[in-house]
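Numbering (this note's numbering), first residue to last: 6 to 265. Beta carbons: idealized from backbone N, C-alpha and C, even for Gly. Take a look at the structure set out below.
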């Protein structure tokens, strides 16, 4: 122990002086990485704020759409006049189905197969300020919390029964993306064109919010690793184990020209 202490007293002051006199390339790279990570975190937070705004905007659109009245003259869908002999195949069960009821069939078929698999975690989701993301229903058998999106979980969330007088209410568009400000006023039970449009719109927004939260978590982990590396770089163990030899005493900056 005395020999080890003498080595520290003899070598460490010289290493500390050398560390302070010569610029550290890894330290400069670490600072650049922290600056880049902070910019990405700021962009991710702005993206998250935008997605939260879209989340509340979508809820307002759905609430406004439910206030529309059903128009009896619009009961016939555009697809009703198509050839009834035309059939397409379900992507889940491969059975041939009529195009008019294909969306309903595929949605139910997907829910049936999806509910056979569980996605769980031992801990519930705790995200400050987030609303309606994961299902988080506790399963006492597996002792896990469900980690599907809440709006898409076929195992713990059932579609409510649609009243007879409820309108479809899907916002109509032109040229694929341009909103017209009008809503589909066909009865929700009879509208095959916009089946479950609220669930799909909500799932789209929630999935993007989850992606941004995952990106933020990844950036926080990167920042922690960089800070830990910068802290340990000037520690006792690192200074004792590593040394940069200056063969030219007149050259104090050991960086290459491109790094200066």
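One or two residues paired with residue 278 in a DSSP bridge: Nothing can be reported for residue 278, as the shown portion of the chain is limited to 6 through 265.
Nearest candidate by alpha-carbon position, reference residue 203, set 150, 67 and 234: Residue 203 has its Cα closest to that of 67, out of 150, 67 and 234.
Is there contact here, the stretch 149-160 with the stretch 121-133, by at least three beta-carbon pairs under 8 Å? Yes: the two stretches touch, three or more of their Cβ pairs being nearer than 8 Å.
Please report how far the alpha carbon of residue 188 lies from the alpha carbon of residue 73, in whole angstroms. 8 Å
Going along the chain, which residues of its own chain have a beta-carbon closer than 7 Å to the beta-carbon of residue 167, five neighbours each way excluded? Closer than 7 Å at the Cβ level, and outside the excluded window around residue 167, lie 193 and 194.
To which residues does DSSP link residue 188 through a beta bridge? 176
I need the boundaries of the alpha helix (DSSP H) containing residue 1, first residue and last residue. Here the chain covers residues 6 to 265 and nothing more, so residue 1 does not appear.
Rounded C-alpha distance that separates residue 84 from residue 100: Since pLDDT at residue 84 reaches only 46, below the 50 mark, its modelled position is unreliable, and the value read off the structure follows with that caveat. Answer to the nearest angstrom: the Cα atoms are 20 Å apart.
Buried or exposed: where does residue 20 fall if 16 or more other Cβ atoms within 10 Å of its Cβ makes it buried? The C-beta of residue 20 has 16 or more other C-beta atoms within 10 Å across all chains shown, which makes the residue buried.
Alpha carbon to alpha carbon, what distance is there between residue 200 and residue 108? 7 Å
Cβ-based burial, residue 240 [other Cβ within 10 Å; buried from 16]: exposed
Am I right that residue 92 and residue 102 are in contact with their C-beta atoms under 8 Å? What's the rounded C-beta distance? 7 Å
Beta strand (DSSP E) segment containing residue 200, residue limits: Segment: none, residue 200 is in no beta strand (DSSP E) and carries neither H nor E.
Can you list, in chain order, the residues of its chain whose CB lies under 8 Å from that of residue 71, leaving out five sequence neighbours each side? Correct list, in chain order: 171, 172 and 174.
What does the Cβ neighbour count give for residue 197, buried or exposed, with the cut at 16 atoms within 10 Å? buried
With burial defined as no fewer than 16 other Cβ atoms inside 10 Å of the residue's Cβ, what is the status of residue 42: buried or exposed? buried
For residue 136, the three-state DSSP class (helix, strand or coil): Coil at residue 136, not helix or strand.
Residue 225 - DSSP class collapsed to helix/strand/coil: It is helical.
Quick one: what does DSSP say residue 210 is sitting in, helix, strand or coil? Looking at residue 210 - three-state DSSP - the assignment turns out to be helix.
Tell me the DSSP bridge mates of residue 118? Bridge partners of residue 118: none, in fact.
What does the alpha-carbon distance come out to for the pair residue 18 and residue 136? 55 Å
Helix, strand or coil: how does DSSP classify residue 230 here? If DSSP states are grouped into helix, strand and coil, residue 230 belongs with the helices.
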